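2 protein chains.
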Amino acid sequence: MALINEHFLKLPGNYLFADIAKKVNAYKVSHPKQKVISLGIGDVTQPLCPAVIEAMHKATDEMAKKASFRGYGPERGYDFLREAIIKNDFLPRGIHLDMNEIFVNDGAKSDTGNFQEILRWDNNIGVTDPVYPVYIDSNVMIGRAGVFENGAWSNVTYIPCTADNNFIPQIPDHRVDMIYLCYPNNPTGTVLTKEELRKWVNYAIHNDSIILYDAAYQAYIRDESIPHSIYEIRGARKVAVEFHSYSKTAGFTGIRCGYTIVPKELTASALDGTARASLNQIWDRRQCTKFNGTSYISQRAAEAIYTPEGRKQVKEVIDYYMENADIMRDSLTRLGYKVFGGINAPYLWVKTPDGIDSWKFFEQLLYGASVVCTPGVGFGPSGEGYIRFTAFGDREDCREAMKRIAEWTLK
Amino acid sequence: MALINEHFLKLPGNYLFADIAKKVNAYKVSHPKQKVISLGIGDVTQPLCPAVIEAMHKATDEMAKKASFRGYGPERGYDFLREAIIKNDFLPRGIHLDMNEIFVNDGAKSDTGNFQEILRWDNNIGVTDPVYPVYIDSNVMIGRAGVFENGAWSNVTYIPCTADNNFIPQIPDHRVDMIYLCYPNNPTGTVLTKEELRKWVNYAIHNDSIILYDAAYQAYIRDESIPHSIYEIRGARKVAVEFHSYSKTAGFTGIRCGYTIVPKELTASALDGTARASLNQIWDRRQCTKFNGTSYISQRAAEAIYTPEGRKQVKEVIDYYMENADIMRDSLTRLGYKVFGGINAPYLWVKTPDGIDSWKFFEQLLYGASVVCTPGVGFGPSGEGYIRFTAFGDREDCREAMKRIAEWTLK
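So the sequence lines, in the order shown, correspond to chains A and G.
Quick note: the first sequence uses the working numbering, first residue 1, plus one each step.
Quick note: the second sequence uses the working numbering, first residue 1001, plus one each step.
See the structure below:
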């Protein structure tokens, strides 16, 4: 008799974004003439840049001819892309990576979800709170999170990030084996200075912990003192794996490409105390068994981002989104809202007025201004009393949403 | 202290194809002027067909304009592709599937590797032997395979498929919870009749087992009495998940697209005896957490296979490969080799002469004829004494290889 993995049954049935969609639909049915503006889901809206489009056409044409046709690619990704990553994303910051420390993937969600499986199921985990749900849910599935009680998982250390601590997570007073950090942060849009990040690296070295560092939004950093990579911190290569994505960097949410850095110095113990194992080798074994590389077209598309034209074009789109963020920040701040993030990240984290709870404010905004946000509590207990806005919309929608919120707020 | 998942450390260090590459390189170094022909690795060589290329260009152009740009797609895949799958791959065989029973993926390797994780780690498994290594290795990683002793895993039931039983796997005399079947078979190229497949479905129903059915090579079936899908067997929807791939169907090894069928009737028990869980729902939850859909370009490419032109063009390439198979079968049979498979599959499974072991014959063929095959023992204990040839090469290489083997054999 085949038995189900019972840990999957522990997961709450509903998804945050499905719940939102349901409520938005109910509103639309009762207000069929009203245009709803969504500043909710974190998906991009601007088309791919010309350099990327050109590279994709070229790669497609290569696949049409026998001489240039490509079948299975290397599981770690093509050399042309890994070389471009080293040269452009790391060398300029003084980080020297070997080709074999880079694993090209089909997007950061896969690897942030899958990487935990090469570690024992009974390590304990720590997350900043609020948090991107994939970190926790993927750990629930393997039985690592424990049981869900009173809105929290029993084996997860939640590290609150709220206005009270200026969104700086406090180092735990106990040992945490696996720590998820995401900076610039989704959902709060806040960042960590080098000094703060260094504390985490030192904590991990001291405790023999592993940091799973999600740098998916690093392209949005405008203050150049903020680290783009955890490997800017000395010693991080021994304790951290780092996830990158082209989804938000270059609008690749529909193209599917990203990469993960697993340094050769990164090791972990086996329970029986045998020699330490290389996570690079083990992750490679995992990928060679359960993954067959990313589309050649997508890898050529990613390579094009690093050309001079590609860099310029990608920056223009990022600047466009960040101008949205500026417009929203200014407008909401002028209206008296407390706004966080949105300076080095495409997310704005807004305190609900008068201590209203997240879902209630979500509904007020929907029915009062026909604007959709994401209730902060959907990202974890410390998200209660906040909502998230994304800067990925069209300029016109963004201005119109701010106008409506102003009218509604001042009414 | 973060601990490694110790099951990964149990995996043998070397890969079959890495070992082969090493030996081939050693030969090339000592014979620099000799052209080596590979009939070893199962990768396609012919370019993508025009209908697919056109669809990829069109999809790329859509991504260049704001009005037609697509960001995150549905995790289960776009409706246009799932509708084409239902209409073309299943309805003509009398199989009625619901849209939500289809999960588009980035290739069958991912899902054949990942699906096992939604089942308990202590289910036991059965595989036909020889076997595609991903089935076993992915189960080793979660701790399900036990320990490796004398060339076999302790918790795996190996079901021999050799010339002695005409490559028909015998139903086990004990209960196996999870059964992997791949037909047309990789590596032997043999097929199972409806009557034989029905025995497995009935066995699974009787034992409450789950069949993981890999149909990656179904497009190569020429004898229309052979089942293309396990769902042609009554009752299979209750006990089987089925994996499909465009890799071999349409040369998508570099494009990455396939799909998995998880019927709504497919359920499994929880250990505590609570109500049975729907594998469709649980797989959906897994995919929504650890996967973000397949490239839009790849999905449009797959859709194009189902157009009248696409169908015709794809069939031409399959016919080309199968003509290779015919040429190889005829030639090797005339030389006195015992050849299996190659009629409804792009693989030929050849008995080594005089009981020579697989690796020894591999080396004789390499040094005698400069032709690369795959040693059968690399696919499992029952592969000893066989080698595999693939039909995915160029016609010219295929003829030249047969000529060389003839000269060497008759010397």
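We put the beta carbon where it would ideally sit given N, CA and C, even for glycine.
Predicted model, so just to flag it, every value in this text is computed and none were measured.
Looking only at C-alpha atoms, which of the options sits nearest to residue i?
i               : options                               : result
residue 381(A)  : 162(A), 205(A) and 44(A)              : 162(A)
residue 179(A)  : 124(A), 257(A), 48(A) and 196(A)      : 124(A)
residue 1081(G) : 1099(G), 1070(G), 1064(G) and 1095(G) : 1099(G)
residue 15(A)   : 399(A), 216(A), 54(A) and 379(A)      : 379(A)
residue 1213(G) : 1220(G), 1225(G), 1200(G) and 1207(G) : 1200(G)
residue 1044(G) : 1386(G), 1318(G), 1388(G) and 1337(G) : 1318(G)
residue 1227(G) : 1264(G), 1195(G) and 1071(G)          : 1195(G)
residue 356(A)  : 395(A), 375(A) and 198(A)             : 375(A)
residue 1387(G) : 1351(G), 1363(G) and 1088(G)          : 1351(G)
The alpha helix (DSSP H) with residue i in it runs from where to where?
i               : result
residue 1057(G) : 1050-1062
residue 310(A)  : 308-334
residue 82(A)   : 79-85
residue 203(A)  : 194-207
residue 133(A)  : 133-141
residue 415(A)  : Beyond the ends of chain A as shown, which are 1 and 411, falls residue 415(A); an answer cannot be given.
residue 1284(G) : 1279-1290
residue 118(A)  : Per DSSP, residue 118(A) belongs to no alpha helix (DSSP H) and is neither H nor E.
residue 1072(G) : Where residue 1072(G) is concerned, there is no enclosing alpha helix (DSSP H), given that its DSSP letter is neither H nor E.
Check whether the Cβ atoms of residue i and residue j lie closer than 8 Å to each other.
i               : j               : result
residue 51(A)   : residue 218(A)  : no
residue 1102(G) : residue 1261(G) : yes
residue 1023(G) : residue 1366(G) : yes
residue 1291(G) : residue 66(A)   : no
residue 127(A)  : residue 158(A)  : yes
residue 259(A)  : residue 77(A)   : yes
residue 47(A)   : residue 220(A)  : no
residue 253(A)  : residue 1072(G) : yes
residue 328(A)  : residue 243(A)  : no
residue 306(A)  : residue 84(A)   : yes
Apart from the five residues just before and just after residue i, which ones in its own chain have a Cβ nearer than 8 Å to its Cβ?
i               : result
residue 286(A)  : 114, 117 and 118
residue 205(A)  : 235, 238 and 239
residue 333(A)  : 339
residue 1266(G) : 1210, 1237, 1238, 1239, 1240, 1241, 1278, 1279 and 1280
residue 1223(G) : 1191, 1343 and 1344
residue 408(A)  : 365, 368 and 369
residue 1331(G) : 1402, 1405 and 1406
residue 1079(G) : 1099
residue 410(A)  : 335
Taking 8 Å as the threshold (beta carbon to beta carbon), is residue i in contact with chain A?
i               : result
residue 1156(G) : no
residue 1053(G) : yes
residue 1298(G) : yes
residue 1288(G) : yes
residue 1069(G) : yes
residue 1264(G) : no
residue 1100(G) : no
residue 1313(G) : no
residue 1096(G) : no
residue 1364(G) : no
residue 1395(G) : no
residue 1035(G) : no
So is residue i in contact with chain G if we call contact Cβ pairs under 8 Å?
i              : result
residue 347(A) : no
residue 63(A)  : yes
residue 43(A)  : yes
residue 110(A) : yes
residue 2(A)   : yes
residue 38(A)  : no
residue 268(A) : yes
residue 197(A) : no
residue 390(A) : no
Counting along the chain, where does the beta strand (DSSP E) carrying residue i start and finish?
i               : result
residue 1182(G) : 1178-1182
residue 297(A)  : Looking at the DSSP string, residue 297(A) is not in any beta strand (DSSP E); the run it does join, the alpha helix (DSSP H), is 296-304.
residue 127(A)  : 125-129
residue 1212(G) : 1210-1214
residue 105(A)  : 102-105
residue 409(A)  : First-last for residue 409(A): 395-410, but that is the alpha helix (DSSP H), not the beta strand (DSSP E).
To which residues of the same chain is residue i closer than 6 Å at the C-beta, ignoring the five residues directly before and after it?
i              : result
residue 377(A) : 358, 383 and 384
residue 62(A)  : 68
Counting only the same chain and skipping the five closest in sequence on each side, list residues whose C-beta sits under 7 Å from that of residue i.
i              : result
residue 142(A) : 7, 116, 117 and 121
Going by the C-beta, is residue i closer than 7 Å to any heavy atom of the ligand PLP?
i              : result
residue 401(A) : Among the ligands in the structure shown, none appear at all, so the ligand PLP cannot be discussed.
Scan the segment 1217-1249 of chain G for residues whose Cβ lies nearer than 7 Å to a Cβ of chain D and list them as they occur along the chain.
Here the protein chains are A and G, and chain D is not one of them.
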